[in-house]
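Q:
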Amino acid sequence: MPDLIEAAGVVLVRPGPDGPEVAVVHRPHRSDWSLPKGKLDPGERHEVAAVREALEETGALVALGPALGHRRYEVAGVPKRVRYWRATVLSQKPRDPDDEVDEVRWLRRKAALALLTSPDDHELVEAALALPDTVPTVVLRHAEATKRAAWRESGSPDADDDARRPLAPEGVEHSAALVHLLAAYDLDAVVSSDADRCRATVEPYAASRGVDVRLEHGLSEEGCEHDPASTEETVHRLLAADGAAVWCTHRPVLPIVVRTLARALDVDRRKGHMADALDPRLKPGAALVLHRTPDGVLAGVDRLDP
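Read in order, the letters of the sequence shown are residues 1107 to 1412 in our numbering.
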């Protein structure tokens, strides 16, 4: 018996003829109306599970928006934690009823609140509908790389060029795991420092999407060290491009990237937790997800730890 049951779910929002609608599912085995959610598979991340459960229970392929926090309760005496995200519909297919979910309804706020069984779900719907539609920008630190000293002593003809330093085996493994995690946010554009370790971190995801990795010297350590203004210019240019994107860069570059983003999105200490969340101190393979409105307002910041 686990000490804690981990689960994930979504408040799935779509535009309707009279305003936003949310998906509510009927679970015949519990005789209740709920938000789409379910337990994590072994080794699965919450973000990936949330997307999978939405598809399984509603037939909708979704993209995650801002996190909505978590809810805790007990199931047969075992604590259970469910993490939730606001999500939007990318595509939808008809779903046959089964023992898990036998009906899916898309409802306006008042009708959804009247039908949902749990007060916790009421709070989540209210929180999700209070948020605008957003576009994610994921700022990613490259995965674990070969140590500098080991690379210099490797005997490689490129050993004197730090930009050619490759990922370590654990970094290669992590880059593969990033495919499903980044897909949960439906990122269209893949941008990277021109250093090999950054490019290799996002290449598996780019390949899964059938897109090229766009290389930016302004996101590299060398480019930032020699010309910090070029890094700031790169951030402004990428931000103006709109669209959901991942930018892969380096630990020494992250403070300038994040600071430039904060200024561009008008985030300061008056924004409280949002400013605090823009912390550039990321572990290898970790990321910040900035949820931006189409008119450039920062609606939320989430952290993806490896």
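Quick reminder that beta carbons are idealized off the backbone N, C-alpha and C, glycines included.
Give the single residue among Asp1205, Glu1328 and Ala1193 whose Cα lies nearest to the Cα of Pro1238.
A: Nearest of Asp1205, Glu1328 and Ala1193 to Pro1238, Cα basis: Ala1193.
Q: Do the segment 1288-1304 and the segment 1243-1253 meet, that is, are 3 or more Cβ pairs less than 8 Å apart?
A: They touch, by the three-pair rule.
Q: By how many angstroms is the C-alpha of Ala1160 removed from the C-alpha of Trp1191?
A: Approximately 11 Å, taken between the alpha carbons.
Q: Between which residues of its own chain and Gly1099 is the CB-CB distance below 8 Å, once the five residues before and five after are set aside?
A: This structure does not reach residue 1099, given that the chain is present from 1107 up to 1412, and the question cannot be answered.
Q: Have a look at Ala1113 and Asp1401 and give me their C-alpha separation to the nearest angstrom.
A: Ala1113 and Asp1401: Cα-Cα distance of roughly 33 Å.
Q: Which runs of the beta strand (DSSP E), 3 residues or longer, sit entirely within the segment 1230-1283?
A: Fully enclosed beta strand (DSSP E) runs of 3 or longer: 1241-1247.
Q: To the nearest whole angstrom, what separates the beta carbons of Ala1166 and Val1195, a pair I think is in contact under 8 Å?
A: Going by Cβ atoms, the distance from Ala1166 to Val1195 rounds to 5 Å, so yes, they are a contact pair.
Q: Leaving aside the five residues before and after Leu1221 along the sequence, list all residues of the same chain whose C-beta is less than 6 Å from its C-beta, in chain order.
A: Answer for Leu1221: Val1130 and Trp1139, listed in chain order.
Q: Find the nearest neighbour of Thr1366 within the set Asp1348, Val1128, Glu1339 and Cys1354, judged by alpha-carbon distance.
A: Residue Glu1339 is the option with its Cα nearest to Thr1366.
Q: Rounded to a whole number of angstroms, what is the C-alpha to C-alpha distance between Pro1142 and Ala1155?
A: Approximately 11 Å, taken between the alpha carbons.
Q: Going by DSSP, what residue range makes up the alpha helix (DSSP H) through Val1364?
A: Segment Leu1360 to Ala1370, the alpha helix (DSSP H) holding Val1364.
Q: Who are the Cβ neighbours of Arg1376 in its own chain at under 6 Å, not counting the five residues just before and after it?
A: Bear in mind that a pLDDT of 49 at Arg1376, under 50, signals an unreliable position, so the number given afterwards is only what the model happens to contain. Hits under 6 Å: none found.
Q: Based on DSSP bridge pairs, tell me the residues matched to Ala1173.
A: In the DSSP output, where bridge partners are listed per residue, Ala1173 has Trp1191.
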